[in-house]
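Data first, discussion second: the structure below is written as structure tokens.
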Amino acid sequence: MSNLQEKDTQYIAGTYARFPVEIVSGKGSEVWDVNGKRYIDMGSGIGVTAFGIADDQWIDAVTAQLHAVQHMSNLYYTEPCVRLAEMLCNRTGMKKVFFSNSGAEANECAIKVARKYAAEKHGEDCYTIVTLEKSFHGRTLTTLAATGQEVFHKLFTPLTPGFVHAPANDFEALKACVEAQKTAAIMIECVQGEGGVIALDPDFVQKTAAYAKEHDIVLIVDEVQTGNGRTGALYAYMNYGIEPDVVSTAKGLGGGLPLGATMMGEKVQNVLGRSDHGSTFGGNPVATAGACNLISRIDDALLASVREKSDYIRKELTGASGIKSVSGMGLMVGIEVVRPAAEIVKACMEAGVLCLTAKDKVRLLPALNIPTELLREAIEIIKTACKE
Ligand SMILES: *Cc1c(COP(=O)(O)O)cnc(C)c1O
């Protein structure tokens, strides 16, 4: 072990199983380690560096703002967060945005909005949030409660009460869960990320959305991973033709700076009032100035290229040796493999490609603008690593 790795083990809480790789620099979809070895980045810091590492335009936007003012607290007006909120509302039809610093925080806000709406409209005993099994909504005690995976709950109980988990893609079962008590909200990821890169059935999502609307239940779509162009639409819900009441996002929105956003649609737009919620760093001018640049570049041409690259990956991997199936949407790809996913990720790393896992799958989340030649090179290496 290197000195850095020993010190990391000594001083950093042991929550991460890191690979023995020290990344020191990068450009676009290539990164270099401390020994000068080059890797193609097929993970983008878990879907964060949407336009790759050290993207020039993003750096310009961020540094210009750094030189102007880096932080002013939410007691004063600053321009970048307003510009970003306007862009997000114009592109989605949502009405208002609350900014925070992470996915978990974006979901916390979504849950608070749903609870307050339901309490005022249907009474204070209407607080339950129904989420899906295998979902992932974050690591805070409330978003852990929302997360439908027991493995993350163990030894951290009691979690925030009022969360129930229903099986995905089974509308009748979901309905039964919702009707078992007063329900404030239904919360879904259109493509479950950590849960195994599983795109929900359109029929299930559409029935759920229609049911929520009919019964005045707040529909929250967690777009922390699926958002900001990842699935070939600006937000994944757009692929399903639904209109959520609340959309939370983070990861790719900040492009590498901490930024979360909770977007509120017509029905809930005025739920949050003075001192109902807040964040010291939320809407930080540097993070939001960078995000304005990224969102302005996620246009129709970029989204079309995301879908094209997705088709290419699917075509190459489907039916290849050692690959059982390919799941996901856009540049959010799950590969069901014959050999253990961890072994394949290790083999890819040795051959110069960084990939992720999700449950027992290999997961790919490359930068939205990964150059075609690099994508081809990476896919060949991944195919070789998957071979039986
Ligand atoms: C990553 C993720 C989160 C948590 O985001 P953090 O920024 O780590 O708090 C929440 N929901 C989904 C769907 C995610 O993929």
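The sequence shown begins at 17 in our numbering and counts up by one.
Using N, Cα and C, we set each Cβ at its ideal position, and we do this for glycine too.
A quick note: this is a predicted structure, and the numbers were derived from the prediction, not measured.
- Message: Is Phe179 near ligand 1 - that is, is its Cβ less than 7 Å away from at least one heavy atom of it?
- Response: no
- Query: Since Ala277 and Val113 are thought to touch, with beta carbons under 8 Å apart, how far apart are those beta carbons, to the nearest angstrom?
  - Reply: About 5 Å; that satisfies the 8 Å criterion.
- Query: In the DSSP assignment, what residue or residues form a beta bridge with Gln285?
  - Reply: Per DSSP, none; premise fails for Gln285.
- Might you give, ordered along the chain, the residues of its own chain that have their beta carbon closer than 8 Å to the beta carbon of Ala143, omitting 5 neighbours on each side? Per the sequence presented here, residue 143 reads as Tyr, with Ala not at that position. Taken in chain order, the residues that qualify are Arg131, Ala134, Ala135, Gly178, Lys198, Ala200.
- Is it the case that the CB of Arg246 approaches a heavy atom of ligand 1 more closely than 7 Å? no
- Identify the residues that DSSP records as bridge partners of Leu104: which are they? In DSSP, Leu104 forms no bridge with anything.
- For Lys340, write down the residues that DSSP places opposite it in a beta bridge. Its beta-bridge partners do not exist; DSSP assigns none.
- Name, in chain order, the residues that DSSP records as bridge partners for Gln208. Ile214
- Task: Thinking Tyr322 and Gly346 are a contact (beta carbons under 8 Å), I'd like their distance in whole angstroms, please.
- Result: The residue asked about is misnamed: residue 322 is Val in this sequence, not Tyr. Val322 to Gly346, Cβ: 5 Å. Contact.
- Item | Any non-hydrogen atom of ligand 2 within 7 Å of Glu210 CB | Among the ligands modelled here, namely ligand 1, ligand 2 does not occur.
- Identify whether Asp49 lies in helix, strand or coil by the three-state DSSP scheme. strand
- Task: Could you pull out every residue in the same chain whose Cβ sits closer than 6 Å to the Cβ of Arg107, ignoring the five residues on either side in sequence?
- Result: Leu250
- Query: From the DSSP output, which residues share a beta bridge with Thr373?
  - Reply: Residue pairing for Thr373: DSSP places it in a beta bridge opposite Val378.
- Query: What's the gap between the Cα of Gly209 and the Cα of Phe152?
  - Reply: 7 Å
- Task: Give the straight-line distance between the Cα atoms of Ala196 and Ala225, rounded to the nearest whole angstrom.
- Result: 18 Å
- Query: Taking C-beta to C-beta, are Gly368 and Ile56 nearer than 8 Å?
  - Reply: yes
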